[in-house]
């Protein structure tokens, strides 16, 4: 498992730029200069509401992610944490 | 570039397959700000030296940056020529980063004074690439000119002393420096820089020296093994994807991004499919056209063609086509090989046979469209082919046969 905690508050790293694309989105981190790629529009929605939602779980619910897919979304968010695209936030 | 793709859904389409059809905006693009350069490197991809009087003005360059911001282009790779010799270089750099367009720029280091280095270190949205093509002055200066090694090292020292972290030491791999890879890595480490290796292309003046400078097939294997061993700690600008046919893919996008995810804006605003393809054949338009850069990127007939699925041609039957995708378009074009055939440096050896068939005088092989070389540059070795001057026809310049003898040929009467 990714070890990503869905019940904490997260946010996009301030140096990350998000560009929506027909297939999902591109993310670019100006600090690490790494490019990342989201293949699911709903993951983009999750990222957009992450900063205002009390928890990542709430952001997923807001984006209409069904409970059966929460593990997969948690894993994807965990990967984004490892590449510093999203960071933990004090709620 | 380093690319990761966290998955929320089952694996299916690969990133490279989506990119093959192009994007609404480039991820990054190369922008050569000027053809002016203090050096005359033998292998210069843009045949730089003298400034082109038609260069974009400061206002025009800012208008391009405004467009890039609107298109959400993450960053531009600024080069030249030597971009820092433009008097408005720092102004444009600040303008771009203030408008959310990151800047990576390539320089030979000539203007990277301690003061400039401090300024660069203070801007999070700027990255610097110092060009160096030999880990020793002997190897470097033979290609880039006397004193250029010392200039580059002084710039690196200034950047390090200013606290600039992870700037790039950028190396074009040649027959002479392949044995120096470990030395380059040590040099980068010593200055707190990251090593970036790119492929020598037969573009610009590089066409004249490619035969004698491109790595031998043994060296290609050596380089591949070295790159695999160093993984993503060494950057490559994804330029060695033709080596992926040795087996394991190298990190990055293994795809020719020309016109799909990257392109080139040259100093006079011409938009080409790729920085290594400055030739009319790959000219998509000009940023001064009515639709601006976005119009060229989105409407160009050439780019539309490049975004269609490409045919492997002679490579289709090769089992490695899926890893190397036929290699580099510019490398094929400027060595006179068919674009739907193997790369001249195909690791399976399919390019070598075709290269051997080129005529000794290289007749019929395309030459770069423009030459901005210093007129005082040292004479090149070897035969110099006679070139016919051709100009791009346009409303102001109707096409004229090279053989037209009429003294008024080409004159446009108002």
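Residue numbers (this note's numbering), protein chains in the order written: chain B, 831 to 921; chain V, -9 to 404. Glycine included, every Cβ here is placed at the ideal spot set by N, Cα and C.
Contact check, residue i vs residue j, beta carbons under 8 angstroms
i             : j             : result
residue 301/V : residue 333/V : no
residue 162/V : residue 123/V : yes
residue 102/V : residue 145/V : yes
residue 92/V  : residue 860/B : yes
residue 247/V : residue 261/V : no
residue 213/V : residue 205/V : yes
residue 203/V : residue 165/V : yes
residue 138/V : residue 113/V : no
residue 225/V : residue 191/V : no
residue 338/V : residue 235/V : yes
residue 233/V : residue 263/V : no
residue 870/B : residue 854/B : yes
residue 40/V  : residue 26/V  : yes
residue 836/B : residue 878/B : no
residue 9/V   : residue 277/V : no
residue 133/V : residue 253/V : no
residue 896/B : residue 839/B : no
residue 54/V  : residue 293/V : no
residue 125/V : residue 173/V : yes
residue 321/V : residue 342/V : no
residue 45/V  : residue 257/V : yes
residue 851/B : residue 13/V  : yes
residue 841/B : residue 880/B : yes
residue 152/V : residue 111/V : yes
residue 898/B : residue 862/B : no
residue 269/V : residue 328/V : no
Per DSSP, cross-strand counterpart(s) of residue i
i             : result
residue 38/V  : The partner list for residue 38/V (beta bridge, DSSP) is empty, contrary to what the question assumes.
residue 120/V : 97/V, 159/V
residue 102/V : None, per the DSSP bridge assignment.
residue 225/V : 186/V
residue 341/V : Note: residue 341/V sits in no beta bridge, so no partner.
residue 408/V : Nothing about residue 408/V can be read from this structure; chain V reaches only from -9 to 404.
residue 918/B : 840/B
residue 22/V  : 69/V
residue 854/B : 851/B
residue 254/V : 20/V, 262/V
residue 92/V  : 65/V
residue 248/V : 252/V
residue 129/V : Its beta-bridge partners do not exist; DSSP assigns none.
residue 846/B : 859/B
Anticipated Cβ contact below 8 angstroms, residue i with residue j, distance rounded
i             : j             : result
residue 71/V  : residue 23/V  : 7 angstroms
residue 178/V : residue 159/V : 4 angstroms
residue 100/V : residue 28/V  : 5 angstroms
residue 75/V  : residue 95/V  : Not really, about 12 angstroms apart at Cβ, beyond 8 angstroms.
residue 42/V  : residue 362/V : 6 angstroms
residue 189/V : residue 229/V : 4 angstroms
residue 267/V : residue 323/V : 7 angstroms
residue 107/V : residue 154/V : 6 angstroms
Contact list for residue i against chain B, beta-carbon separation under 8 angstroms
i            : result
residue 90/V : 847
residue 62/V : 847, 849
Beta-carbon neighbours of residue i, restricted to chain V and to distances below 7 angstroms
i             : result
residue 834/B : Simply none; closest approach about 10 angstroms.
Proximal residues of chain B, C-beta to C-beta of residue i below 7 angstroms
i             : result
residue 117/V : 863
residue 13/V  : 851
Chain V contact residues for residue i, given Cβ-Cβ distances below 9 angstroms
i             : result
residue 856/B : 13, 17, 62, 64
Chain-ordered neighbours of residue i on chain B, where CB pairs are closer than 9 angstroms
i             : result
residue 228/V : In chain order: nothing, as chain B lies at least about 11 angstroms away.
residue 114/V : 845, 860, 861
At a CB distance below 8 angstroms, what residues from the segment 863 to 882 of chain B approach chain C? Give them in sequence order. The structure shown has no chain C; the protein chains it does contain are B and V.
Would you call the segment 35 to 52 of chain V in contact with the segment 183 to 201 of chain V, where contact means no fewer than 3 C-beta pairs closer than 8 angstroms? Counting Cβ pairs under 8 angstroms, three or more are found: they touch.
Counting Cβ pairs closer than 8 angstroms, one from the segment 345 to 352 of chain V and one from the segment 220 to 227 of chain V, do we hit at least three? no
Count the C-beta pairs between the segment 317 to 326 of chain V and the segment 281 to 292 of chain V that are closer than 8 angstroms, then say yes if the count reaches three, no if not. no
Tell me whether the segment 242 to 256 of chain V and the segment 294 to 308 of chain V touch, counting them as touching only if at least three CB pairs, one residue from each stretch, are closer than 8 angstroms. yes
Count the CB pairs spanning the segment 77 to 97 of chain V and the segment 305 to 313 of chain V that are closer than 8 angstroms, and state whether there are at least three. With fewer than three CB-CB distances shorter than 8 angstroms, the segment 77 to 97 of chain V does not count as touching the segment 305 to 313 of chain V.
Using 8 angstroms as the Cβ pair cut-off and three pairs as the minimum, do the segment 871 to 884 of chain B and the segment 13 to 21 of chain V touch? no
For the segment 61 to 68 of chain V against the segment 83 to 92 of chain V, do three or more pairs of beta-carbon atoms, one drawn from each stretch, fall closer than 8 angstroms, so that the two count as touching? yes
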